[in-house]
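First the structure, in the form of structure tokens, and then the observations on it.
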Amino acid sequence: MPDAGVAATEEAPQPSPRRRRLKRSERLALIVGIFILLPIALVWVYPFIWVFSSSLKSNAEIFGSLNPFTSTLHLDSYVRAWHEADMGRYFLNTIFVTGMSILISVTVNALLGYVLGRYTFPGKKVIYALLALVVFLPQGYTVIPIFDLIDSLGLSGSLWGITLAEAGGVSVIVVLLFAGYFAQLPKELEEAATMDGAGFLRIFAQVYLPLAKPVLATAVILQFMHAWNDFLLPLVLTLSQPDLRTLAVGIYSLQNQYFSDWGMMSAASTIALLPIIIVFIVLQKYFIESFSGAVKG
1 MPDAGVAATE EAPQPSPRRR RLKRSERLAL IVGIFILLPI ALVWVYPFIW VFSSSLKSNA
61 EIFGSLNPFT STLHLDSYVR AWHEADMGRY FLNTIFVTGM SILISVTVNA LLGYVLGRYT
121 FPGKKVIYAL LALVVFLPQG YTVIPIFDLI DSLGLSGSLW GITLAEAGGV SVIVVLLFAG
181 YFAQLPKELE EAATMDGAGF LRIFAQVYLP LAKPVLATAV ILQFMHAWND FLLPLVLTLS
241 QPDLRTLAVG IYSLQNQYFS DWGMMSAAST IALLPIIIVF IVLQKYFIES FSGAVKG
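If you want it as structure tokens, here you go:
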């Protein structure tokens with residue numbers, strides 16, 4: 001029989017490693033950094049806090065003090081923004097446009113990044129150069145061609161037209177992230193899948209794409225922010241169709257009809273901001289991992 005003392009020693013939990021004590025210079029740098037960055041963070045965050053707190057105040061309280069806290073909550077601003085200002089319709093329109101544009105855009109960018117990262121072919125450097133040039137192309141130059149294209153497809157005056165317009169642009173950052181991430185994955189996975197009879201799309205969808213969850217999360221975040229906040233394209237495409245407005249265009253239209261009602265305008269802005277904050281908080285872990293993975297690749 002094995003010795004009981006030896007067995008007890010083997011089963012005893014290993015002590016956790018001791019945390020390294022900071023040097024005096026490191027502690028001093030940490031304290032100085034906190035005192036410098038904390039005020040900057042407060043200045044950066046305060047406008048968002050002010051908008052949210054203003055949505056819960058009356059107009060007299062909003063301009064009566066800079067204090068973001070209030071003893072009485074006025075939730076009627078949200079009710080009026082949702083119904084009277086038609087934010088409910090604009091919210092649903094934005095959800096449809098954003099959700100479908102994410103599906104289209106992420107699929108296209110992932111396929112492009114997969115090909116650039118995994119294959120070598122003539123003209124590959126030319127494609128990289130063209131993608132780099134797209135970064136310097138202002139959005140204003142593409143509005144008229146996009147409008148003509150949507151109109152020629154017979155999709156003007158519909159949410160599908162706005163969706164295709166939002167999903168049509170190639171995100172260079174997302175493509176390069178996918179390319180860098182796919183390039184570092186082992187080639188043996190592709191060879192094993194090919195031996196099992198899998199084709200190009202099956203290898204992409206079932207083998208490599210599930211491994212790229214951090215980059216997928218980043219692509220979702222970036223496209224979500226772009227489509228949810230975009231103003232110029234939805235404004236042009238919904239000039240003759242107010243019912244198709246997105247939240248950004250809807251909030252802009254409030255300044256004419258509800259200019260003096262700052263509580264309701266703040267409530268509408270809060271409705272537009274909260275989904276972005278929630279999505280980023282949920283996916284921020286993958287967002288950071290995708291950039292670290294692309295750098296390693």
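Residue numbers (full-length UniProt numbering): 1 to 297. Even glycine gets a Cβ: it sits at the ideal position worked out from N, Cα and C. Predicted model, so just to flag it, every value in this text is computed and none were measured.
Do the CB positions of residue i and residue j come within less than 8 Å of each other?
i    : j    : result
Y90  : T270 : no
F182 : Y114 : yes
L232 : V174 : no
M195 : A85  : no
V106 : V134 : no
S53  : P68  : yes
S77  : A267 : yes
G117 : F178 : yes
F224 : T98  : yes
Y286 : P214 : yes
A167 : I95  : no
I150 : L164 : yes
K57  : H74  : yes
W228 : I277 : no
Return helix, strand or coil for residue i, following the three-state DSSP convention.
i           : result
Q223        : helix
D148        : helix
G64         : helix
A198        : coil
H83         : helix
A4          : With a pLDDT of 48 at A4, under the threshold of 50, the modelled position of this residue cannot be trusted; read the value that follows with caution. Helix, per DSSP.
G99         : helix
residue 355 : Residue 355 falls outside the range modelled here, since the chain spans only 1 to 297, and no answer is possible.
K187        : coil
Y119        : coil
F69         : coil
S105        : helix
T9          : Only weak support is given to the placement of T9: the predicted model assigns it a pLDDT of 46, under 50, and the value that follows is read from those uncertain coordinates. If DSSP states are grouped into helix, strand and coil, T9 belongs with the helices.
A294        : Confidence at A294 is low in this model, with a pLDDT of 49, below 50, so the placement of that residue should be treated as unreliable; the coordinate-derived value is given next. It is helical.
S77         : helix
G154        : coil
S269        : helix
T246        : coil
K285        : helix
Q255        : helix
Find the nearest neighbour of residue i within the set the options, judged by alpha-carbon distance.
i           : options                : result
M100        : I162, I281, F48, G250  : I162
residue 322 : V207, A179, P186, P145 : No answer is possible for residue 322: the residues shown for the chain start at 1 and end at 297.
D243        : L38, A212, T120, L159  : L159
F176        : L211, I127, G168, Q139 : Looking at the sequence provided, one finds Leu at residue 176 rather than Phe. Taking only the C-alpha atoms, the option nearest L176 is I127.
A110        : L235, D148, L216, I277 : L216
L273        : G154, S156, L211, M87  : M87
P186        : Y208, G199, E166       : Y208
L131        : L112, D148, Y141, Q241 : L112
G180        : E188, Y119, A198, V51  : Y119
G140        : V43, P275, L38, D230   : D230
L239        : A193, G157, L38        : G157
Name the two residues that bound the continuous alpha helix (DSSP H) containing residue i.
i           : result
R24         : 24-54
T163        : 159-167
F178        : 172-183
residue 324 : Nothing about residue 324 can be read from this structure; the chain reaches only from 1 to 297.
residue 302 : Since the first residue shown for the chain is 1 and the last is 297, residue 302 is missing from the structure and cannot be characterised.
P210        : Counting along the chain, P210 falls outside any alpha helix (DSSP H), and DSSP gives it neither H nor E.
P234        : 232-237
Does the beta-carbon of residue i, which I'm using as the reference point, lie nearer than 7 Å to any heavy atom of the ligand PLP?
i   : result
F91 : Because no ligand of any kind appears in the structure shown, any question about the ligand PLP cannot be addressed here.
Contact between the segment 219-238 and the segment 55-67 (3+ Cβ pairs under 8 Å) = With the cut-off at 8 Å, the segment 219-238 and the segment 55-67 do not touch.
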